[in-house]
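Protein chains: 4
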Amino acid sequence: MHKGRLEAFSDGVLAIIITIMVLEMKVPHSSDLGALQAILPIFGGYVLSFIYVGIYWNNHHHLFQAVKHVNGAVLWANLHLLFWLSLLPFASGWMGENHFAKWPVAVYGLILIMAGAAYYILVRVLLAGHGPESTLAKAIGSDRKGTISLVIYAVGIALAFVHPIIAFAIYSIVAVIWLIPDRRIEKHLAS
Amino acid sequence: MHKGRLEAFSDGVLAIIITIMVLEMKVPHSSDLGALQAILPIFGGYVLSFIYVGIYWNNHHHLFQAVKHVNGAVLWANLHLLFWLSLLPFASGWMGENHFAKWPVAVYGLILIMAGAAYYILVRVLLAGHGPESTLAKAIGSDRKGTISLVIYAVGIALAFVHPIIAFAIYSIVAVIWLIPDRRIEKHLAS
Amino acid sequence: MHKGRLEAFSDGVLAIIITIMVLEMKVPHSSDLGALQAILPIFGGYVLSFIYVGIYWNNHHHLFQAVKHVNGAVLWANLHLLFWLSLLPFASGWMGENHFAKWPVAVYGLILIMAGAAYYILVRVLLAGHGPESTLAKAIGSDRKGTISLVIYAVGIALAFVHPIIAFAIYSIVAVIWLIPDRRIEKHLAS
Amino acid sequence: MHKGRLEAFSDGVLAIIITIMVLEMKVPHSSDLGALQAILPIFGGYVLSFIYVGIYWNNHHHLFQAVKHVNGAVLWANLHLLFWLSLLPFASGWMGENHFAKWPVAVYGLILIMAGAAYYILVRVLLAGHGPESTLAKAIGSDRKGTISLVIYAVGIALAFVHPIIAFAIYSIVAVIWLIPDRRIEKHLAS
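Below you can see the structure in the form of structure tokens.
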């Protein structure tokens, strides 16, 4: 089975997720600057979510460069990842609408954990089909960054109940860690 | 005529259907957990609809792997399928919004039947253009799963008027049956 | 310049237009069948608009099969066509929301005329770049169907002020005419 | 790394941006022509934004024709551009909803500046990876049009506080300048 259509479908879903999030920022009826200020929290959530979807797209892109073939299990592991990412616009909007209240911020973190876990599962399913000697296996290596992220998200969720802004800051730090592109795969593909 | 653009267009429509369904989950204005609980039925409908669109995408993907050429009739049979699937977000939202009342659940089942029938027609139109000795014909075989699904949907719709949750459970069972990927085609392509 | 990206972008826009139109059918808050009846006019408009976008996608698909190369003028002629088609969801929603009142029905017809004219322009721009001896020129021939459609739309708009349903019937008849796929191009590509 | 998926993802995002903008034109509840007149300012904003997204798609298309390879930095520079363009529907809706009041018009100009700057950065990042002797470098040349546009946008923003319509006219003039396709790249690719 070719990976082309899986990539195209994923690109489509991610492109739509990243774009419909902006619809959560409702156009204000007033025309003064104060109207913009009122939606600033929603904008903040939008920026972080945009970056996260961008990170997933980048990593997905890198990952599938090393993939040789896909099967039914990969299709579903991929859809599972897209499912959790599709909830980001909702979680992001809820968080912004309520000015970073504790429950919305915690739920946002939960979506990040689930998406991170889904990505982890996708990688395992792909590895199972490629073997430990494949370019893919070498390129992924120990995938420590993925595991650490899950732990940090969990810490963030717990701290949301101390103060939600701490949680938001922690989610942002994980994003910064991932903004550094996955050079492991690039390196192995080049060599 | 090449099948590439038909696949790309279908991927696009399915990607959008699967993603805009999440817009039916309106962001609650309250920030407590109770607000989430109130949209739980909509979330339940979203999960089932997501899985159904995923199933159709998977089957579409498998089906067209064995397709050699398409014509005008195939394009329209495909659009007909996409038409019924495009109504899923509406039916799903109506069902969730009304906490699985009988009419919305019955209409949801009707959409599933129509989509199932449209898929059946698409397969027939493709077979007519490929002949009984084609890889496609061998890969599809008797297509018993498709026919049985239509019968189960009909039973589900009838039972929606006894209790809607029974109908919802029945639709979910059909989804589980289909979650098992269509190995027939994969097998024939490999051999 | 390759035509691939122009096709992909057009597929994307058409896929989104065809899918977001369904968002005009607002989920009713009541769960009885009467609620469905109330949105029946919107559904009627949706069906016709879906078919029209399907027709344009089909014809676009056929047309570009015979296209060898594109330039800046083609890109803009294509965007011009997409612009008018992007207004279909709005016109369709307005028409349904107001139960086929005269002005919305007339404006819907105007969008159809503009889209038809934009398609005509696109064909001319493509022909200018391919010459009268090209496969494209032979495949298109006299394009009588396109010109006649424009005239019928205009008649429909005028009759919208007699009775809007007559206009809607006329638009539907043009759709039926176009549902017959453009065999001219298929024939010339095959020969 | 191949540029194909970056192009496909960008096409997807731009196709969605250009199409969801039309959702800002809310379907009026009244059926007379006056209802259309009331949304005329929103329509005006829609037309300008549609043209701008079209220009960016065209230039992106031309630019990547000359691109040989992409890396992680290019992916992010491209996402950065898409981020600012994704804010166009919001800015466009705000401007139209408030009948071209000064602040919305100024913010619209700011989005145009940021998108212009993001495009400039994208070009620089691409040039850094291709070298001064590449087809890309020759095709882009001095890129005076891009720099001048940024200056004109800034003038437009300042004049929005004198009279917003002047600013809107200035933004429209820049659009007209860009409607002339980037023949430099076409020329260099042909030679």
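Chains as they are written, first to last, in the numbering used here: chain A, 5 to 195; chain B, 5 to 195; chain C, 5 to 195; chain D, 5 to 195.
Think of the CB as a built atom: it goes at the ideal place given N, C-alpha and C, for glycine as much as any other residue.
Remember, predicted model here, so these are calculated numbers, not experimental data.
Counted within 10 angstroms of its Cβ, other Cβ atoms place residue i as buried (16 or more) or exposed
i, result
"Ile144(A)", "buried"
"His167(D)", "exposed"
"Ala214(D)", "The displayed coordinates of chain D run from 5 to 195. Any statement about residue 214(D) would go beyond what the structure contains."
"Leu37(A)", "exposed"
"Gln69(D)", "buried"
"Glu11(B)", "buried"
"Ala132(C)", "exposed"
"Val155(C)", "exposed"
"Pro136(D)", "exposed"
"Ala42(B)", "exposed"
"Ile20(B)", "buried"
"Ile169(A)", "exposed"
"His65(A)", "buried"
Minimum Cβ-Cβ distance from residue i to chain D less than 9 Å
i, result
"His33(A)", "yes"
"Thr139(A)", "no"
"Ile178(A)", "It is worth fixing the name first, because residue 178(A) is Val in this sequence and not Ile. For Val178(A), the answer is no, since every Cβ of chain D falls outside 9 Å of its Cβ."
"Asp147(A)", "no"
"Leu40(A)", "yes"
Cα-Cα separation, residue i to residue j
i, j, result
"Ala164(D)", "Asn102(D)", "14 Å"
"Ala119(C)", "Ser153(A)", "50 Å"
"Pro93(D)", "Ala171(A)", "30 Å"
"Ala179(B)", "Ile125(A)", "22 Å"
"Ser146(A)", "Trp182(B)", "34 Å"
"Ile22(B)", "Gly160(A)", "29 Å"
"Leu44(D)", "Ser53(D)", "14 Å"
"Ser78(C)", "Ile115(C)", "Reading off the sequence shown, one finds Val at residue 78(C), where the question assumed Ser. Between Val78(C) and Ile115(C), the C-alpha separation is close to 21 Å."
"Gly100(D)", "Phe87(C)", "18 Å"
"Leu83(D)", "Lys106(A)", "30 Å"
"Val129(A)", "Ile59(A)", "20 Å"
"Gly113(C)", "Leu67(A)", "48 Å"
"Ala162(D)", "Val127(D)", "27 Å"
"Pro32(C)", "Tyr50(B)", "17 Å"
"Lys72(A)", "Ile177(C)", "49 Å"
"Met29(A)", "Arg148(C)", "47 Å"
"Tyr56(C)", "Ser34(C)", "31 Å"
"Tyr123(C)", "Ile117(C)", "10 Å"
"Val26(A)", "Ser138(B)", "47 Å"
"Gly97(D)", "Val109(A)", "28 Å"
"Val74(A)", "Ile24(D)", "33 Å"
"Gly76(A)", "His134(A)", "14 Å"
"Phe47(A)", "Phe47(C)", "35 Å"
"Phe13(D)", "Ala95(D)", "23 Å"
"Trp80(D)", "Leu40(C)", "46 Å"
Below-9 Å beta-carbon distance, residue i vs any chain A residue
i, result
"Val111(D)", "yes"
"Val51(B)", "yes"
"Asn102(D)", "yes"
"Val155(B)", "no"
"Val78(B)", "no"
"Val17(D)", "yes"
"Ile169(D)", "no"
"Leu130(B)", "no"
"Leu10(B)", "no"
"Leu163(B)", "no"
Any chain C beta carbon closer than 9 Å to residue i
i, result
"Leu196(D)", "Chain D is shown from 5 up to 195; residue 196(D) falls before or after that span and cannot be answered."
"Phe172(B)", "no"
"Pro108(B)", "yes"
"His134(B)", "no"
Short CB-CB distance (under 9 Å) between residue i and chain B
i, result
"Ile20(C)", "yes"
"Ile24(C)", "yes"
Proximity test, residue i beta-carbon vs the ligand FAD heavy atom, cut-off 8 Å
i, result
"Leu37(D)", "Inclusion of the ligand FAD in the displayed structure is not the case, the ligand content being empty and no account of it being possible."
Minimum Cβ-Cβ distance from residue i to chain E less than 9 Å
i, result
"Leu116(A)", "Given the protein chain composition of this structure (A, B, C and D), no chain E is represented."
Going along the chain, which residues of the region 80-100 of chain B sit with their C-beta nearer than 8 Å to a C-beta in chain C?
-> Cβ contacts with chain C: Trp80, Leu83, Leu86, Phe87, Ser90, Leu91, Pro93, Phe94, Gly97 and Trp98.
Could you run through the region 45-74 of chain A and flag, in chain order, every residue whose CB is less than 7 Å away from some CB of chain D?
-> Answer in chain order: Phe54, Gly58, Trp61, Asn62, His65 and Gln69.
Go through the region 104-173 of chain B residue by residue and report every complete run of the alpha helix (DSSP H) that reaches 4 residues or more, in order.
-> Fully enclosed alpha helix (DSSP H) runs of 4 or longer: 106-134, 139-144 and 148-164.
Counting only runs of 3+ residues fully inside the region 33-98 of chain A, write out the beta strand (DSSP E) ranges in chain order.
-> Along the length of the region 33-98 of chain A, whole beta strand (DSSP E) runs at least 3 residues long do not occur.
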